[in-house]
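J.: Sequence lines, in order, name chains A and B.
Quick note on UniProt numbering: the first sequence kicks off at 1 and runs consecutively.
Quick note on UniProt numbering: the second sequence kicks off at 1 and runs consecutively.
Before I ask anything, here is the structure I am working with.
Protein chains: 2
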Amino acid sequence: MAEGDRTMLSGSADPMNLNGDHENRAKPVTGPQPMNGGNGTYSYSKNSSYQKESADLEKGKIIEEIEEKLDMKKLSSFSNTICLADLGCSTGPNTFMIIQEILEAMQRKHRSQLSQSCPKADQQYSDDHQMPEFQVFFNDLEANDFNTLFTSLPQDRKYFAAGVPGSFHRRLFPESSIHFVHTSSSLHWISKSPEVLQNKDSPAWNKGRIHYTSAPDEVVDAYAAQFAEDMKNFLNVRATELVLGGMMVMILSGIPKGMPYSEIPAGMLYNCISSSLMDMAKEGIIEESEVDSFNLPYYAASLEEMEEIVEKNGCFKIERMESSNPAAWLQNRPVDIPTLVKHVRAAVEGMFARHFGSEVMDEMFGRVTDKLLDISDLVNSRRDEKSQLLAVLKRK
Amino acid sequence: MAEGDRTMLSGSADPMNLNGDHENRAKPVTGPQPMNGGNGTYSYSKNSSYQKESADLEKGKIIEEIEEKLDMKKLSSFSNTICLADLGCSTGPNTFMIIQEILEAMQRKHRSQLSQSCPKADQQYSDDHQMPEFQVFFNDLEANDFNTLFTSLPQDRKYFAAGVPGSFHRRLFPESSIHFVHTSSSLHWISKSPEVLQNKDSPAWNKGRIHYTSAPDEVVDAYAAQFAEDMKNFLNVRATELVLGGMMVMILSGIPKGMPYSEIPAGMLYNCISSSLMDMAKEGIIEESEVDSFNLPYYAASLEEMEEIVEKNGCFKIERMESSNPAAWLQNRPVDIPTLVKHVRAAVEGMFARHFGSEVMDEMFGRVTDKLLDISDLVNSRRDEKSQLLAVLKRK
Numbered sequence: 001m002a003e004g005d006r007t008m009l010s011g012s013a014d015p016m017n018l019n020g021d022h023e024n025r026a027k028p029v030t031g032p033q034p035m036n037g038g039n040g041t042y043s044y045s046k047n048s049s050y051q052k053e054s055a056d057l058e059k060g061k062i063i064e065e066i067e068e069k070l071d072m073k074k075l076s077s078f079s080n081t082i083c084l085a086d087l088g089c090s091t092g093p094n095t096f097m098i099i100q101e102i103l104e105a106m107q108r109k110h111r112s113q114l115s116q117s118c119p120k121a122d123q124q125y126s127d128d129h130q131m132p133e134f135q136v137f138f139n140d141l142e143a144n145d146f147n148t149l150f151t152s153l154p155q156d157r158k159y160f161a162a163g164v165p166g167s168f169h170r171r172l173f174p175e176s177s178i179h180f181v182h183t184s185s186s187l188h189w190i191s192k193s194p195e196v197l198q199n200k201d202s203p204a205w206n207k208g209r210i211h212y213t214s215a216p217d218e219v220v221d222a223y224a225a226q227f228a229e230d231m232k233n234f235l236n237v238r239a240t241e242l243v244l245g246g247m248m249v250m251i252l253s254g255i256p257k258g259m260p261y262s263e264i265p266a267g268m269l270y271n272c273i274s275s276s277l278m279d280m281a282k283e284g285i286i287e288e289s290e291v292d293s294f295n296l297p298y299y300a301a302s303l304e305e306m307e308e309i310v311e312k313n314g315c316f317k318i319e320r321m322e323s324s325n326p327a328a329w330l331q332n333r334p335v336d337i338p339t340l341v342k343h344v345r346a347a348v349e350g351m352f353a354r355h356f357g358s359e360v361m362d363e364m365f366g367r368v369t370d371k372l373l374d375i376s377d378l379v380n381s382r383r384d385e386k387s388q389l390l391a392v393l394k395r396k
Numbered sequence: 001m002a003e004g005d006r007t008m009l010s011g012s013a014d015p016m017n018l019n020g021d022h023e024n025r026a027k028p029v030t031g032p033q034p035m036n037g038g039n040g041t042y043s044y045s046k047n048s049s050y051q052k053e054s055a056d057l058e059k060g061k062i063i064e065e066i067e068e069k070l071d072m073k074k075l076s077s078f079s080n081t082i083c084l085a086d087l088g089c090s091t092g093p094n095t096f097m098i099i100q101e102i103l104e105a106m107q108r109k110h111r112s113q114l115s116q117s118c119p120k121a122d123q124q125y126s127d128d129h130q131m132p133e134f135q136v137f138f139n140d141l142e143a144n145d146f147n148t149l150f151t152s153l154p155q156d157r158k159y160f161a162a163g164v165p166g167s168f169h170r171r172l173f174p175e176s177s178i179h180f181v182h183t184s185s186s187l188h189w190i191s192k193s194p195e196v197l198q199n200k201d202s203p204a205w206n207k208g209r210i211h212y213t214s215a216p217d218e219v220v221d222a223y224a225a226q227f228a229e230d231m232k233n234f235l236n237v238r239a240t241e242l243v244l245g246g247m248m249v250m251i252l253s254g255i256p257k258g259m260p261y262s263e264i265p266a267g268m269l270y271n272c273i274s275s276s277l278m279d280m281a282k283e284g285i286i287e288e289s290e291v292d293s294f295n296l297p298y299y300a301a302s303l304e305e306m307e308e309i310v311e312k313n314g315c316f317k318i319e320r321m322e323s324s325n326p327a328a329w330l331q332n333r334p335v336d337i338p339t340l341v342k343h344v345r346a347a348v349e350g351m352f353a354r355h356f357g358s359e360v361m362d363e364m365f366g367r368v369t370d371k372l373l374d375i376s377d378l379v380n381s382r383r384d385e386k387s388q389l390l391a392v393l394k395r396k
């Protein structure tokens, strides 16, 4: 390990760069915060079924890729332990369900490869003596509620569980120690909102908005550049950690190429948050400058952008990359807006509360719900866009 | 991995056997609970300096054993990652300090072995290219406050950190995956208090006491048998997890062979807890039957007992085993009894609160402090007994 890599092992004293170096900034840039902890009304553990339903649309594809393209025989020939990592696992339960599916698919693949190579072997003997052990690393930010995660681990799990605290934008694991990486609903969280968004002298000054939705191109470009930089780092560190032949599955928010973000429901939601906060500023509940200085560190890339970044990195073969409609599971039912807002709140409240104060959260999310309800026809008319990306990569 | 081992991977639905099967039992037997979490007045993180001072008395010996007997060259020839585990790590900070010392000793040993085998190698080159990476697994019970542990991890650490929830009486890690185990102030916690202690028809019925201190031999024997059973399991599972040549350091409470536990300060303390609770029962604050049904799952073995258990297991070479005075760091100063009780409270409050109710904890620990202060001369006269065990084992 070179000295340059070493610094990635540890957090710096300022891991999120919250005390960055830009002169024109009124407030620190916003870095990601963990999902809401615990098991309460607005907890992620109680409000993440939408993420599960959307991710479940990709489950069959992931299993297919494992069955067709993961060489378990090769992976287990170098080590008697197969290590999986879920990056951005939050507090459960979604992480436990998908890890279980992946693990079972890997076991099936292992058995099928085993029976191909020695068809007459006694099945029970093979299972007992040749099935590798599995170790699963659940990763999220240091401030994630790991206590809730650990106390809700499945009692009948057939793997060794470990929690790994830290940002997945840095090194988390030893070199060549991981065989399978899964990350869902996480990679659209960039490491920090771009500093230039707070620079009053820049065309990228993001005044009166909390996101790049409906913003000038310069704002969108600043977000896109940060995403590209983060993904570059992410792929570099994962390439170091994954064994050759190891697989990485990424599910994240996306957008059809060239489509303005305001044309999909998530963008409409961010616009409602921006205007709710501006209304509150006008009423004196918060300061307008607080809105100007807050930028949600969230970017949805197009499939083409992702493809370009992965190919530029060069360490991974793209086994599958496609976009799909994350709301397909709703079928013909309309979006339940109050429930949707609760799900969003469980995911983003930490960031807003840290900046605007937790005392205004009920007010803010209440207004957002009302505004979204007012445009529910519009939301429902655009909910079938392909705004979810799936990428299955193999370390080469 | 045989099927029998598989069950050790996962907790059962009743991992502590809290709902065991003994008919005569009024209340569930007491299993260990984690140390007090958080950073408050009675937290372990704020009240564990005594444990650190006592463990520090062994630090030099541990480093000596690493320097003299750990073959880093051999360990790192099979893997580019060296894995350490601290079992019963609690919330910090003690775990971070000792892990750092051990890790630095291992790095020094690695460098010295490297320079012996290729004395002319450029030192910087050797460091960068041949020093293995380190991964540290911090283990404690599922209910331990891992959130406090993770948010206080050293920012400048030179290792990959992971938390592993679960009882160390069961499997925690894949086969042959760990190179060094450290456990301090933990192994005297047995997996559960013996069920027979609650059997009114047995000579081991432990009426009116919360521990075997000043109890009939049958009570002491029941505790000793549980400890022997637990240590047998502990050594078996660790033998599976440790690589050949790997080292295990255990620091735990002990007692000179044949000495009644009432003759050392810890025993005096347990007697004060028993009598405080009995006083409270007489005053109607708690029920006397509650005292009868509570038994602290804590056993201090003699060096000879430990030696016999390790030798019977047969998987480990005893590199060093000795007893010493854990209060030696006090030098000539008397024991500060209120501070001592706060340290004990941080460690055991969870178990007492779960059984007697958290509302009587202030009352109980207040009375215990008063009773101990009344016998402070006696406590101080017996504080220099060799009641701490150190065992350094090597997997053979």
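The C-beta atom is built at its ideal place from N, Cα and C for all residues, glycine as well.
Bear in mind the structure is a predicted one, so any value in this text is a computation, not a measurement.
In the DSSP output, which residue or residues are listed as bridge partners for Thr240 (chain A)?
T.: DSSP, once it has assigned bridges, lists no residue as partnering Thr240 (chain A).
J.: What residues match up with Gln135 (chain B) in a beta bridge as DSSP calls it?
T.: B:Cys83 and B:Phe160
J.: Just the chain B side, please: which residues come within less than 9 Å of Thr151 (chain A) by C-beta, in chain order?
T.: Glu142, Ala143 and Pro165
J.: Around the Cβ of Asp292 (chain B), are there at least 16 other Cβ atoms within 10 angstroms (buried) or fewer (exposed)?
T.: buried
J.: Check each candidate in B:Ser49, B:Trp205, B:Thr183 and B:Glu304 and name the one with the smallest Cα separation from Val249 (chain B).
T.: B:Thr183
J.: Helix, strand or coil, according to DSSP, for Leu378 (chain B) in the structure here?
T.: helix
J.: Starting from the C-beta of Ser117 (chain B), find all residues in its chain whose C-beta is less than 8 Å away, skip the five residues before and the five after it, and write them out in chain order.
T.: Scanning its chain for C-beta atoms nearer than 8 Å, with the 5 sequence neighbours on each side dropped, one finds around Ser117 (chain B) the residues Lys73, in chain order.
J.: CB Leu103 (chain A) to CB Gly245 (chain A), shorter than 8 Å?
T.: no
J.: Who are the near neighbours of Met247 (chain B) in its chain, counting only those whose CB is closer than 6 Å to its CB and skipping five residues on each side?
T.: Leu70, Phe180 and Lys394
J.: Please report whether the beta-carbon of Thr339 (chain B) lies at a distance below 8 Å from any beta-carbon of chain A.
T.: Chain A contact via Cβ: absent.
J.: Within a Cβ cutoff of 7 Å, which residues of the same chain sit near Arg25 (chain A), ignoring the five residues on either side of it in sequence?
T.: Because Arg25 (chain A) carries a pLDDT of 39, less than 50, the predicted location of this residue cannot be relied on, and no value is offered for it.
J.: Mind listing, in chain order, the continuous beta strand (DSSP E) runs of no fewer than 3 residues lying wholly within the region 169–256 of chain B?
T.: Here the runs fully enclosed are 178–184 and 242–253.
J.: Would you decide whether Phe78 (chain B) is buried or exposed? Buried here means 16 or more other CB atoms lie within 10 Å of its CB.
T.: Using a 10 angstroms sphere on the CB of Phe78 (chain B), the tally of other CB atoms stays under 16, which defines it as exposed.
J.: Using a Cβ distance threshold of 8 Å, determine whether the region 200–209 of chain B contacts the region 286–300 of chain B, with at least three qualifying pairs required.
T.: yes
J.: Between Gly4 (chain A) and the rest of its own chain, which residues show a CB-CB distance below 7 Å, the 5 nearest in sequence each way excluded?
T.: Unreliable positioning characterises Gly4 (chain A) in this predicted model, as indicated by a pLDDT of 37, which lies under 50. The coordinate reading is nonetheless provided below. Excluding residues within five positions, none has a Cβ falling inside 7 Å.
J.: With a cut-off of 8 Å on the beta carbons, I'd call Glu133 (chain B) and Thr81 (chain B) a contact; round off their distance for me.
T.: 5 Å
J.: Any idea what DSSP makes of Phe316 (chain B), helix, strand or coil?
T.: strand
J.: Helix, strand or coil, according to DSSP, for Ala346 (chain A) in the structure here?
T.: helix
J.: For the candidate residues B:Met131, B:Glu101 and B:Gln100, whose alpha-carbon lies nearest to that of Leu114 (chain B)?
T.: B:Met131
J.: Hey, out of B:Gly267, B:Ser167, B:Glu304 and B:Pro216, whose CA is closest to Ser202 (chain B)'s CA?
T.: Taking the Cα of Ser202 (chain B) as reference, the smallest distance to any Cα among B:Gly267, B:Ser167, B:Glu304 and B:Pro216 is reached at B:Pro216.
J.: Using a C-beta to C-beta distance shorter than 8 Å, which residues of chain A count as neighbours of Gln116 (chain B)?
T.: Going along chain A, no residue has its Cβ under 8 Å from Gln116 (chain B), so there is no contact; the nearest lies around 22 Å.
J.: Going by Cα to Cα distance, which pick from A:Lys59, A:Ser167 and A:Ala228 is closest to Met306 (chain A)?
T.: A:Ala228
J.: Measure the CB-CB distance between Leu163 (chain A) and Ala162 (chain B) and report whether it falls below 8 Å.
T.: In the sequence as displayed, the identity of residue 163 (chain A) is Gly instead of Leu. It is a contact, given that the beta carbons lie within the stated cut-off.
J.: Of all the options B:Thr41, B:Gln33 and B:Glu308, which has the alpha carbon lying nearest to the alpha carbon of Thr339 (chain B)?
T.: Selected option, being the one with the closest Cα: B:Thr41.
J.: Using a Cβ cut-off of 8 Å (strictly closer), state whether Gln107 (chain A) contacts chain B.
T.: no
J.: Among the residues of its own chain, which have a CB less than 6 Å from the CB of Gln226 (chain A), if the five just before and after it don't count?
T.: Ile190 and Pro194
J.: For Val392 (chain A), which residues from the same chain have a beta carbon less than 6 Å from its beta carbon, with the 5 sequence-adjacent residues on both sides left out?
T.: Around Val392 (chain A): Glu65, Val249, Glu319 and Arg320.
J.: Suppose contacts are defined by Cβ-Cβ distances below 8 Å. Is Gln51 (chain B) in contact with Ser253 (chain B) by that definition?
T.: no
J.: Would Leu187 (chain A) pass as a contact of Ser167 (chain A) if the rule is Cβ separation under 8 Å?
T.: no
J.: Determine the closest residue to Ile375 (chain B) out of B:Lys396, B:Leu269, B:Ala281 and B:Arg354, with distance taken between C-alpha atoms.
T.: B:Leu269
J.: Quick check: the region 146–157 of chain A against the region 83–92 of chain A, are there 3 or more CB pairs under 8 Å?
T.: Under the Cβ criterion (8 Å, minimum of three pairs), the region 146–157 of chain A counts as touching the region 83–92 of chain A.
J.: Out of curiosity, what's the CA-to-CA distance linking residue 402 (chain A) and Glu287 (chain A)?
T.: As displayed, chain A neither begins before 1 nor continues past 396, which places residue 402 (chain A) out of reach and without an answer.
J.: When burial is assigned at 16 or more other CB atoms within 10 Å of the CB, is Asn39 (chain B) buried or exposed?
T.: exposed
J.: Can you tell me which of the three DSSP states Glu322 (chain A) falls into?
T.: Of the three classes helix, strand and coil, the one that applies to Glu322 (chain A) here is strand, per DSSP.
J.: When the Cα of Val219 (chain A) is compared with those of A:Lys46, A:Arg333, A:Gln331 and A:Lys200, which residue comes out closest?
T.: A:Lys200
J.: Quick one: measure Cβ to Cβ for Met280 (chain B) and Met364 (chain B), integer angstroms, because I've assumed they're closer than 8 Å.
T.: Sure, about 7 Å apart at Cβ, within 8 Å.
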